[in-house]
Amino acid sequence: MKEKFLVHTILTLLLGTLAIQDGYSQNCRGYERRCDSAPRYFQSSSLSRAVTLRKGRKIVINQTFFGNREYFISVCGHNRLGKIHFRLIADDEDQTILYDNAADDFKESQLFVILNTMAVKVEISAPHYFDDRGSECAGVRIFYNQQRD
Numbered sequence: 465m466k467e468k469f470l471v472h473t474i475l476t477l478l479l480g481t482l483a484i485q486d487g488y489s490q491n492c493r494g495y496e497r498r499c500d501s502a503p504r505y506f507q508s509s510s511l512s513r514a515v516t517l518r519k520g521r522k523i524v525i526n527q528t529f530f531g532n533r534e535y536f537i538s539v540c541g542h543n544r545l546g547k548i549h550f551r552l553i554a555d556d557e558d559q560t561i562l563y564d565n566a567a568d569d570f571k572e573s574q575l576f577v578i579l580n581t582m583a584v585k586v587e588i589s590a591p592h593y594f595d596d597r598g599s600e601c602a603g604v605r606i607f608y609n610q611q612r613d
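Shown next as C-alpha cells:
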C-alpha cells in the first residue's frame, strides 16, 4: 500500500513539474502578433516568430530575402525590455549593416526593398539598461509585397 502511494506521489510530482516547465517554455508563443502590422497590401510571412531576450545576449535569425520584393519588419517586446534594438546585416564576408534602428531612435518597424535575393541576419537585442537577470518575451513580424514590373 505504501509503495502504491509512493509511486502515485512521485508520478504526480513529476507530471506537475513537467507541466510547469511546459508552461514556462510556451509563455512567449504567439508574442510576435503583438508587433505592428504592415499596410494591407503586404502578406504575412512565415518568417515571423517570438523569442526570449536576456541582457547581453543577441538573437540572430538567418533569413533569405527574395529580390524584387518590398519588406516590412516590426519588432516588439515586453515593457520591461525597453526599446528593442534590431539590425539587418548582409550575410556576406563583409557583414554589411543594412539597417540599424539605433540610428533611427530605436524605431520599431522598417520598410525596405530588396532588389536581388540575399541572405540577411536579423539581429535583435535588449537595451543595455535592461538589468533583469531573467528573460522576457519579444517578437519579430516580417511581411512582404511582391513588386510589380
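For the sequence shown, the positions run 465 to 613 when the numbering used here is used.
Don't be surprised by glycine CBs; every beta carbon is placed ideally from N, CA and C.
These numbers come from a predicted model, not from an experiment.
Per DSSP, cross-strand counterpart(s) of residue i
i	result
residue 517	600
residue 564	551
residue 609	534
residue 575	536
residue 541	602
residue 589	522, 549
residue 583	528
Assigned secondary structure, residue i (DSSP; H/G/I helix, E/B strand, else coil)
i	result
residue 450	In the structure as shown, the chain begins at 465 and stops at 613. Residue 450 is therefore absent and cannot be evaluated.
residue 467	helix
residue 487	Here the model assigns residue 487 a pLDDT of 42, short of 50, so the residue's position is not dependable, and the following value carries that caveat. Here residue 487 sits in helix by DSSP.
residue 482	Any answer about residue 482 is weak, because its pLDDT of 46 lies below 50 and its placement is not dependable; what the coordinates show is given next. Here residue 482 sits in helix by DSSP.
First through last residue of the beta strand (DSSP E) which encompasses residue i
i	result
residue 495	It is not in any beta strand (DSSP E) - residue 495 carries neither H nor E in the DSSP assignment.
residue 527	522-529
Anticipated Cβ contact below 8 angstroms, residue i with residue j, distance rounded
i	j	result
residue 493	residue 514	6 angstroms
residue 581	residue 520	Going by Cβ atoms, the distance from residue 581 to residue 520 rounds to 33 angstroms, so no, they are not a contact pair.
residue 496	residue 545	That belief does not hold up - the Cβ atoms of residue 496 and residue 545 are roughly 14 angstroms apart, past 8 angstroms.
residue 570	residue 549	6 angstroms
residue 517	residue 523	7 angstroms
residue 500	residue 573	5 angstroms
residue 561	residue 529	Between residue 529 and residue 561 the Cβ distance is about 15 angstroms, and since that is not below 8 angstroms, they are no contact.
Closer than 8 angstroms to chain D by CB, residue i
i	result
residue 496	In the displayed structure, chain D is absent; only one protein chain is listed.
Stretch-stretch touch, CB-based, cutoff 8 angstroms, three pairs: the stretch 526-542 with the stretch 602-612: yes
Would you call the stretch 550-565 and the stretch 489-509 touching, i.e. three or more CB-CB distances under 8 angstroms? no
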